[in-house]
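Asks: Quick mapping for you: the protein sequence lines, in order, are chains A and B. Sequential numbering of the first sequence, starting at 1, is according to the working numbering. Sequential numbering of the second sequence, starting at 1, is according to the working numbering.
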Amino acid sequence: MNDTVAIRTSGLAKRYGSRWALRDCTLEIPSGSVTALVGPNGAGKTTLLHLVIGLVEPTSGAVDVFGRSPRRDAKEVLPRLGFVAQDHPLHRNLTIADTLTYGRKLNPSWNKQLAVSRVERLGLSMRQKVGQLSGGQQAQVALTLALAKQPQLLVLDEPVASLDPLARREFLNAVMEAVVEEGITVVLSSHIVAELERVCDYLVTLADGATQLTGSISQIVASHRLLTGPRSDAAGVARAHDVIRESHTERQTTLLVRANGHVYDSRWEQHEVDLEEIVLAYLGYQSGNGAAATSALEMVRS
Amino acid sequence: MTWVSWRLERTEALIVLGILALLAALLVPTGIQMADAYHRDGLAACLSVNPGPTCGNKLGDFRQHFQSLIDLSNWFTLVPGLIGVLLAAPFIFDLEHGTYRLAWTQSITRDRWLLGKLGSAAVAAALAAGALILLFTWWRAPSVHLDGRLDTGNYDSTGIVVIGYTLFALALAVALGAIWRRAAASLAVAFVGYFAARVFVDVLLRDHLVAPVKATYRGTQQPSFLYNAHILSLRGATHGHEILGGSSGPAQKFATPGMNSAVFQVVYQPDSHFWPLQLTETAIFVGFAAILILFASWWTRQRTS
Chain A
1 MNDTVAIRTS GLAKRYGSRW ALRDCTLEIP SGSVTALVGP NGAGKTTLLH LVIGLVEPTS
61 GAVDVFGRSP RRDAKEVLPR LGFVAQDHPL HRNLTIADTL TYGRKLNPSW NKQLAVSRVE
121 RLGLSMRQKV GQLSGGQQAQ VALTLALAKQ PQLLVLDEPV ASLDPLARRE FLNAVMEAVV
181 EEGITVVLSS HIVAELERVC DYLVTLADGA TQLTGSISQI VASHRLLTGP RSDAAGVARA
241 HDVIRESHTE RQTTLLVRAN GHVYDSRWEQ HEVDLEEIVL AYLGYQSGNG AAATSALEMV
301 RS
Chain B
1 MTWVSWRLER TEALIVLGIL ALLAALLVPT GIQMADAYHR DGLAACLSVN PGPTCGNKLG
61 DFRQHFQSLI DLSNWFTLVP GLIGVLLAAP FIFDLEHGTY RLAWTQSITR DRWLLGKLGS
121 AAVAAALAAG ALILLFTWWR APSVHLDGRL DTGNYDSTGI VVIGYTLFAL ALAVALGAIW
181 RRAAASLAVA FVGYFAARVF VDVLLRDHLV APVKATYRGT QQPSFLYNAH ILSLRGATHG
241 HEILGGSSGP AQKFATPGMN SAVFQVVYQP DSHFWPLQLT ETAIFVGFAA ILILFASWWT
301 RQRTS
């Protein structure tokens with residue numbers, strides 16, 4: 001068992017019928033990180049997460065969670081996983097008390113104290129039916145169920161997509177609290193980049209079933225620069241650095257680069273660039289044309 | 001898992017209990033009436049091989065009173081199907097609502113989940129079928145005496161086949177639901193499928209599940225071996241002329257038309273074939289139920305994500 005790597009995939013691929021939902025995905029997610037899995041809708045985020053938690057079997061390649069196959073060693077891996085599926089499905093006709101009993105009966109490591117105190121902090125009554133709660137409250141109850149298992153890895157599939165901005169913030173705060181208190185590894189997928197930088201420290205971007213950018217967010221932000229200068233060719237810069245995106249106006253050229261060391265050329269004015277812009281550049285870069293980049297941007301900004 | 005299964009099946013279990021209670025409310029008063037009439041008139045004595053002369057009238061009276069009720073109650077043979085498909089609903093709801101993903105990411109394996117869900121439904125179905133058998137066996141006691149236990153209505157509701165019917169309906173709905181993942185549609189189609197399977201077995205298959213007996217007898221008095229038998233065909237001839245041909249139906253207990261010299265050839269299931277027939281038919285329905293449940297389990301494990 002390897003304690004420094006929470007999730008390791010190698011050549012992981014999944015095909016549904018004739019469509020490849022995920023192709024040749026190789027990555028490592030360090031233990032203790034909070035990872036954002038970002039990509040437009042249909043990029044394969046849910047498929048990757050379902051492979052990680054063992055809901056589906058890979059078509060080829062392998063995935064390990066704490067060094068074990070989530071599918072073959074389900075008995076060992078499942079108790080260490082917490083999962084909240086897209087749209088956080090719960091039994092709507094159960095009360096919150098029944099929902100917690102459901103969790104207690106199905107998990108040997110259930111922490112009743114944690115579950116009860118979270119429900120109290122949410123201001124919910126144990127007798128309320130889950131179906132009568134708001135979307136944000138349901139998401140919180142689903143998160144409570146996942147956390148009270150005392151998982152080492154918490155996997156959240158689009159946890160905030162269906163929530164309003166306030167509920168979104170509250171949900172992410174609750175996740176952060178758990179990270180601080182329990183020191184768990186978190187992977188959450190999202191097509192919204194805006195709030196992730198506050199929460200996450202590791203990034204995986206996915207488009208068309210393939211990973212593009214993987215790494216620590218601080219390193220990613222530190223290594224990317226926006227260069228502006230008089231209209232010119234990017235070739236000179238490209239010799240030393242990776243040009244992710246270039247755009248030209250009549251007088252000016254703007255380059256987003258992944259800098260390998262310093263950019264010494266004084267013709268270029270250097271700017272810091274935020275995570276959202278980097279992610280958008282990668283998603284646009286991959287699709288290779290302006291229209292696709294714009295649509296990726298719309299999806300990421302929504 | 002036991003608590004979880006019970007909690008999530010509670011609504012359906014209560015509906016099934018409601019159906020059983022409603023059925024009891026209909027059957028208990030009429031059953032008491034029927035049993036009273038049966039004993040008051042001393043009909044039991046009439047059903048011996050050589051009945052007394054007043055028996056015809058007494059039997060006629062009883063039938064006039066109760067036969068339409070007994071015929072109507074034959075429709076209750078649909079109840080095992082109804083109960084079976086209802087108990088499949090919690091399993092399909094889990095697939096339809098996506099809550100199976102919740103279950104599969106708790107600490108139990110999906111085999112354990114399948115066993116808990118489908119096992120508890122099967123146990124509930126068998127218990128409900130047992131209650132149906134008890135209720136109908138009591139209610140139909142006079143009818144069993146009159147027409148024999150091989151009479152279709154009696155056969156369908158007073159033997160262990162009822163357990164087979166209920167499990168089959170459950171398994172059919174589970175298999176459809178595993179693929180379709182829509183509860184309402186799966187239950188409706190499974191109920192229709194149950195009805196079709198029952199009609200097929202009742203009409204075409206049952207008479208041949210155990211090899212029928214052939215016999216020949218002479219004269220108008222029905223021989224004692226046909227007592228309570230289920231007659232598949234009866235042919236009579238006298239002096240080379242056919243006087244009765246190919247009729248089938250329940251045994252006639254009194255004078256059969258014909259002449260003293262007539263020779264009858266009869267093909268029938270004797271009363272003693274009741275249990276062999278019940279066991280064979282039950283094995284068929286339970287066998288198909290097992291295949292369907294295994295298929296649904298396999299499909300859910302492999303194809304659902």
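We treat Cβ as the ideally placed atom computed from N, Cα and C, and that holds for glycine.
Using a Cβ-Cβ cut-off of 6 Å (strictly less than) and excluding sequence neighbours within five positions of Q313/A, which residues of its own chain qualify?
Replies: Residue 313/A falls outside the range modelled here, since chain A spans only 1 to 302, and no answer is possible.
Asks: In the DSSP output, which residue or residues are listed as bridge partners for P230/A?
Replies: The residue you call residue 230/A lines up with position 230 of the first sequence. Paired residues: Q252/A.
Asks: Kindly list, in the order they appear in chain A, the residues whose Cβ is closer than 9 Å to that of L135/B.
Replies: Taking the first residue of the second sequence as 1, we reach residue 135/B at position 135. Going along chain A, no residue has its Cβ under 9 Å from L135/B, so there is no contact; the nearest lies around 30 Å.
Asks: By DSSP's criteria, I303/A is part of a beta bridge. Which residues make up the other side?
Replies: No statement about residue 303/A is possible, as the shown extent of chain A runs from 1 to 302 and does not include it.
Asks: My assumption, with CB atoms under 8 Å, is that T99/B sits in contact with P89/A. Please give the rounded CB distance.
Replies: Here the question's residue 99/B lines up with position 99 in the second sequence. Here the question's residue 89/A lines up with position 89 in the first sequence. T99/B to P89/A, Cβ: 5 Å. Contact.
Asks: Helix, strand or coil for F66/A, going by three-state DSSP, please let me know.
Replies: Taking the first sequence and counting its residues from 1, one reaches residue 66/A at position 66. F66/A falls in the coil class under three-state DSSP.
Asks: When we look at the beta-carbon of A296/B and count the other beta-carbons within 10 Å, is it buried (16 or more) or exposed?
Replies: Along the second sequence, one-based indexing puts residue 296/B at 296. A296/B should be labelled buried.
Asks: Assign M126/A to one of two classes, buried (16 or more other C-beta atoms within 10 Å of its C-beta) or exposed (fewer than that).
Replies: Your numbering for residue 126/A matches position 126 in the first sequence. Exposed, because fewer than 16 other Cβ atoms sit within 10 Å of the Cβ of M126/A.
Asks: Apart from the five residues on each side of it in sequence, which residues of its chain come closer than 8 Å, Cβ to Cβ, to L27/A?
Replies: Here residue 27/A corresponds to residue number 27 of the first sequence, with the count starting at 1. Closer than 8 Å at Cβ, skipping near neighbours: I7, R8, T9, V204, T211, T214.
Asks: For the region 52-120 of chain B, list the alpha helix (DSSP H) runs that are entirely contained and at least 4 residues long, ordered along the chain.
Replies: Here the runs fully enclosed are 55-73, 79-96, 99-104.
Asks: Helix, strand or coil for L12/A, going by three-state DSSP, please let me know.
Replies: In the first sequence, counting from the first residue as 1, residue 12/A sits at position 12. Three-state DSSP puts L12/A in a strand.
Asks: What are the residues in the region 99-111 of chain B lying within 8 Å of chain A by C-beta distance?
Replies: Correct list: T99, R101, L102, A103, W104, T105, Q106, S107, I108, T109, R110.
Asks: What do you get for G209/A, buried or exposed, if any count of 16 or more other CB atoms within 10 angstroms of its CB means buried?
Replies: Within the first sequence, residue 209/A is the residue found at index 209, counting from 1. By the neighbour-count rule (16 or more Cβ atoms within 10 Å), G209/A is buried.
Asks: Span of the alpha helix (DSSP H) holding Y38/B?
Replies: On the second sequence, position 38 is the one that residue 38/B refers to. Residues 2-40.
Asks: If you measure beta-carbon to beta-carbon, which residues of the region 4-34 of chain A are closer than 7 Å to chain B?
Replies: Under the 7 Å Cβ criterion, the region 4-34 of chain A contributes no residue.
Asks: Spatial neighbours of A97/A within its chain, please: CB distance less than 7 Å, with the 5 preceding and 5 following residues excluded, ordered by chain position.
Replies: Translated into the one-based positions of the first sequence, residue 97/A becomes position 97. Closer than 7 Å at the Cβ level, and outside the excluded window around A97/A, lie M126, R127.
Asks: Just to make sure I have the definition right: I need the residues of chain B whose C-beta is within less than 9 Å of the C-beta of L78/A. Which are they?
Replies: Position 78 of the first sequence, counted from the start, is the residue given in the question as residue 78/A. Near L78/A (Cβ distances below 9 Å), the residues of chain B are W104, T105, Q106, S107, I108, T109.
Asks: To which residues of the same chain is L279/B closer than 8 Å at the C-beta, ignoring the five residues directly before and after it?
Replies: Taking the first residue of the second sequence as 1, we reach residue 279/B at position 279. Closer than 8 Å at the Cβ level, and outside the excluded window around L279/B, lie I160.
Asks: Pull the bridge partners of L22/A from the DSSP assignment, please.
Replies: By 1-based counting over the first sequence, the position of residue 22/A is 22. Its beta-bridge partners are K14/A.
Asks: For F200/B, count neighbouring C-beta atoms within 10 Å of its own C-beta (all shown protein chains included) and say buried if the count is 16 or more, exposed if not.
Replies: Residue numbering aside, residue 200/B sits at position 200 when the second sequence is read from its first letter. The residue is exposed, with fewer than 16 neighbouring Cβ atoms inside 10 Å.
Asks: So is F83/A in contact with chain B if we call contact Cβ pairs under 9 Å?
Replies: Reading the first sequence from its first residue, position 83 is the one you call residue 83/A. Yes, F83/A counts as interfacial toward chain B.
Asks: Beta-carbon within less than 7 Å of A296/A's beta-carbon, same chain only, minus the 5 sequence neighbours each way: which residues are those?
Replies: Position 296 of the first sequence, counted from the start, is the residue given in the question as residue 296/A. Because A296/A carries a pLDDT of 44, less than 50, the predicted location of this residue cannot be relied on, and the following value inherits that uncertainty. P40, L280, L283, G284, S287, listed in sequence order.
Asks: Buried or exposed: where does T105/B fall if 16 or more other Cβ atoms within 10 Å of its Cβ makes it buried?
Replies: The count along the second sequence starts at 1 and reaches residue 105/B at position 105. By the 10 Å Cβ count, T105/B comes out buried.
Asks: According to the Cβ coordinates, are L69/B and T30/B closer than 9 Å?
Replies: The count along the second sequence starts at 1 and reaches residue 69/B at position 69. The count along the second sequence starts at 1 and reaches residue 30/B at position 30. Going by C-beta atoms, L69/B is nearer than 9 Å to T30/B.
Asks: Can you name the residues of chain B whose CB is closer than 9 Å to the CB of Y102/A?
Replies: Here residue 102/A refers to the residue found at position 102 when the first sequence is read from its first residue. Those are W3, V4, R7, L8, L102, A103, Q106, listed as they occur along chain B.
Asks: What does the Cβ neighbour count give for V203/B, buried or exposed, with the cut at 16 atoms within 10 Å?
Replies: Taking the second sequence and counting its residues from 1, the one referred to as residue 203/B is at position 203. By the 10 Å Cβ count, V203/B comes out exposed.
Asks: Would G246/B count as contacting chain A if we go by Cβ distances under 9 Å?
Replies: Taking the second sequence and counting its residues from 1, the one referred to as residue 246/B is at position 246. In this predicted model, G246/B has a pLDDT of only 45, less than 50, meaning its place in the structure is not dependable; the value taken from the coordinates is given anyway. Output row for G246/B: interface = no.
Asks: Which residues of chain A have a Cβ atom closer than 7 Å to the Cβ of H97/B, listed in chain order?
Replies: Walking along the second sequence from the start, residue 97/B turns up at place 97. Those within 7 Å of H97/B in chain A are P89.
Asks: Terminal residues of the continuous alpha helix (DSSP H) containing F195/B?
Replies: The residue given as residue 195/B occupies position 195 in the second sequence. That run of the alpha helix (DSSP H) goes 183-200.
Asks: Quick check on the burial criterion: 16 or more other C-beta atoms within 10 angstroms. Buried or exposed for Y264/A?
Replies: By 1-based counting over the first sequence, the position of residue 264/A is 264. Label assigned to Y264/A: exposed.
Asks: Please list the partners that I184/A has in chain B, where partner means a Cβ-to-Cβ separation under 8 Å.
Replies: Numbered from its first residue, the first sequence carries residue 184/A at position 184. The premise fails here: I184/A is roughly 15 Å from chain B at the closest Cβ pair, so nothing lies under 8 Å.
Asks: Please work out which residues of its chain come closer than 6 Å, Cβ to Cβ, to F191/B, disregarding the five sequence neighbours upstream and downstream, and give them in chain order.
Replies: As a first step, residue 191/B must be located in the second sequence, where it is residue number 191. Counting only Cβ-Cβ distances below 6 Å, and skipping sequence neighbours, we find G81, V85.
Asks: Could you round the C-beta distance between L213/B and P142/B to whole angstroms and report it? I think they count as a contact, below 8 Å.
Replies: Numbered from 1 along the second sequence, position 213 holds the residue referred to as residue 213/B. Numbered from 1 along the second sequence, position 142 holds the residue referred to as residue 142/B. Going by the sequence as given, residue 213/B is Val instead of Leu. Not a contact, Cβ separation roughly 27 Å.
Asks: In chain order, what residues of the same chain lie with their CB nearer than 7 Å to the CB of N173/A, ignoring the 5 residues before and after it?
Replies: To locate residue 173/A, count along the first sequence from 1; it is residue 173. No residues qualify anywhere along the chain.
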